[in-house]
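Asks: So that we are looking at the same thing, I have put the structure below in structure tokens.
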Amino acid sequence: GVSQCSENMVLQGIVKVVQELKRQRPHDKIVLNSLLPRSTNKTGSLEPPRGSLSQPFYWKHIRQVNKQLHQYCEKDSSLFFFNATDIFVSKQNHELSIPLNLMPDRLHPSSVGYKKWGTEIGNFLENDLNDP
169 GVSQCSENMV
179 LQGIVKVVQE
189 LKRQRPHDKI
199 VLNSLLPRST
209 NKTGSLEPPR
219 GSLSQPFYWK
229 HIRQVNKQLH
239 QYCEKDSSLF
249 FFNATDIFVS
259 KQNHELSIPL
269 NLMPDRLHPS
279 SVGYKKWGTE
289 IGNFLENDLN
299 DP
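Residue numbers (the working numbering): 169 to 300.
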């Protein structure tokens, strides 16, 4: 399950997949999408629950893996990092949360979320990956 993987395990798993893709397709560009947010809070809040030790808190780990993925991509000109955080995280009253219309279960995008995500990835591919 999600809680059984360390940040390093997640990162190394993604790196292994990228290495295999590069082995099979050495001249292709590869886009790594950031890990999407995850919340167990019914409101979609990404803040740690106050006074609760029973609710898992994933956001700080997701942010750390995303930071490391971004750094990994910066070291290789064939790798590109697409950060979907701005799509699926909003800030209201100084609190970060997942908009429930985009991720009703706070884990999987809704059709609206997928559409918005797809549009943004399309824009990224068109604007940032086109050869000069």
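C-beta: ideal position from N, C-alpha, C; glycine also.
Leaving out five residues before and five after residue 172 in sequence, what residues of the same chain have Cβ atoms less than 6 Å from its Cβ?
Replies: Once the five neighbours on either side are set aside, residue 172 has no close Cβ partner at all.
Asks: Please name the residue or residues paired with residue 248 in a DSSP beta bridge.
Replies: Paired residues: 199.
Asks: Just the C-alpha distance for residue 189 and residue 262, rounded to the nearest angstrom, thanks.
Replies: Those two C-alpha atoms are separated by around 40 Å.
Asks: For residue 298, is the classification buried or exposed, using 16 other Cβ atoms within 10 angstroms of its Cβ as the cut-off for buried?
Replies: By the 10 Å Cβ count, residue 298 comes out exposed.
Asks: Based on Cα-Cα distance, which residue from 272, 276, 289, 273 lies nearest to residue 248?
Replies: Cα-wise, what sits closest to residue 248 is 289.
Asks: Can you tell me whether residue 185 is buried or exposed? The criterion is at least 16 other CB atoms within 10 Å of its CB, across all chains shown.
Replies: With fewer than 16 Cβ atoms within 10 Å of its Cβ, residue 185 is classed as exposed.
Asks: Cβ atoms of residue 233 and residue 203: under 7 Å apart, would you say?
Replies: Yes. Within cutoff.
Asks: Does the distance from the C-beta atom of residue 206 to that of residue 268 stay below 7 Å?
Replies: Their beta carbons are not under 7 Å apart, which means residue 206 does not touch residue 268 by this criterion.
Asks: With burial defined as no fewer than 16 other Cβ atoms inside 10 Å of the residue's Cβ, what is the status of residue 181: buried or exposed?
Replies: It counts as exposed.
Asks: With H, G and I counted as helix, E and B as strand and the rest as coil, what does DSSP make of residue 264?
Replies: In the structure shown, residue 264 sits in a strand (DSSP, three-state: E or B).
Asks: Name the DSSP bridge partner or partners of residue 213?
Replies: Residue 213 pairs with 265.
Asks: If you run the structure through DSSP and keep just helix, strand and coil, what is residue 279?
Replies: In the structure shown, residue 279 sits in a helix (DSSP, three-state: H, G or I).
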